[in-house]
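Chemist: Handing you this structure, nothing more for now.
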Amino acid sequence: MELAYRTDRGQVRAQNEDAVLILGDAHAGIALVADGMGGHEAGEVASGLVIEQFRRAFPTLPATPLAMETWFRDNVELANEQVLEFAKQSNLVMMGTTIAGVCWHDETIVIVHIGDSRVYALRGGTLQQLTEDHSYVNVLKQLGELTEEEMRIHPKRNIITRAIGSKEHVEPDLQVFADPEFDTILICTDGLTTHLTDEAIKHALTRPISADAKADMLIDQANRLGGSDNITVALVQFTDRKRG
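Numbering (our numbering), first residue to last: 189 to 432.
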């Protein structure tokens with residue numbers, strides 16, 4: 189297994205409000221990204237609070253699928269409480285963050301997702317988006333009113349419909365995969381997917397290079413295409429996994 193991550197301010201934003209966590213080994217681990225919202229400092233704090241909550245909780249990661257789901261829900265709820273409390277104490281009206289990521293234990297993989305950060309999986313040369321964006325433009329896409337390309341340039345593409353810190357209780361989308369035989373999992377913020385198509389992402393992930401080199405390639409491509417937002421990627425590459 190290879191683990192890699194990169195986070196970059198991009199070409200436009202004054203600071204980086206993304207945060208990333210990647211811990212573990214082939215036996216058990218976690219990889220998360222968070223894209224903070226709320227302007228100067230608030231977004232950075234929100235994403236940081238979420239990542240630190242999961243960093244502290246990682247030693248308690250359980251082994252069974254149902255327990256892993258519960259673990260994710262419990263820690264999302266704790267992170268949500270922390271973001272809400274910080275916003276209250278700081279008199280901040282708009283403060284929140286997305287979260288997207290995976291945890292694994294042996295052959296079991298659990299996906300967590302809130303907002304418009306994404307989780308992709310590559311298997312046998314096929315790239316699949318495992319998460320469904322909680323965003324205004326994705327609602328329009330599901331209604332058939334926008335294409336994928338139109339979503340990238342829509343003036344309201346940054347409006348999300350679910351976020352940590354947006355309400356008293358927030359429910360994550362969770363998926364469990366038992367021995368899915370993925371080659372690579374990519375977790376990323378929308379700073380990447382605003383600029384790179386799925387085909388461009390697949391091209392990078394299928395290159396015969398290290399996970400670190402693939403992370404660099406993805407960040408560099410997004411920056412060359414404008415880098416209009418912070419860009420964060422985390423890669424979990426199963427180098428010794430069975431092939432279907």
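By construction, the Cβ of each residue, glycine as well, lies at the ideal position given by its N, Cα and C atoms.
By Cβ distance, which residues of its chain are closer than 8 Å to Leu280, with the 5 residues on each side in sequence left out?
Modeler: Answer for Leu280: Gly226, Ala230, Phe274, listed in chain order.
Chemist: Pull up the distance between the alpha-carbon of Ala351 and that of Glu265, whole angstroms please.
Modeler: C-alpha separation (whole angstroms): 12 Å.
Chemist: The beta strand (DSSP E) with Met225 in it runs from where to where?
Modeler: Met225 -> beta strand (DSSP E) spans 216-225.
Chemist: By DSSP, does Thr319 sit in helix, in strand, or in coil?
Modeler: Thr319 falls in the coil class under three-state DSSP.
Chemist: Count the other CB atoms within 10 Å of the CB of Asp294; is the residue buried (16 or more) or exposed (fewer)?
Modeler: With fewer than 16 Cβ atoms within 10 Å of its Cβ, Asp294 is classed as exposed.
Chemist: With distances taken between CB atoms, is the gap from Thr319 to Arg306 smaller than 8 Å?
Modeler: Their beta carbons are under 8 Å apart, which means Thr319 touches Arg306 by this criterion.
Chemist: Would you call the stretch 250-268 and the stretch 324-344 touching, i.e. three or more CB-CB distances under 8 Å?
Modeler: With the cut-off at 8 Å, the stretch 250-268 and the stretch 324-344 do not touch.
Chemist: By DSSP's criteria, Thr314 is part of a beta bridge. Which residues make up the other side?
Modeler: Answer is Arg311.
Chemist: Buried or exposed: which applies to Gln143, given that a residue is buried once 16 or more other Cβ atoms fall within 10 Å of its Cβ?
Modeler: The requested residue 143 is not part of the displayed model; the chain covers only 189 to 432.
Chemist: Just the C-alpha distance for Ile389 and Leu406, rounded to the nearest angstrom, thanks.
Modeler: Taking the straight line from one Cα to the other gives about 7 Å.
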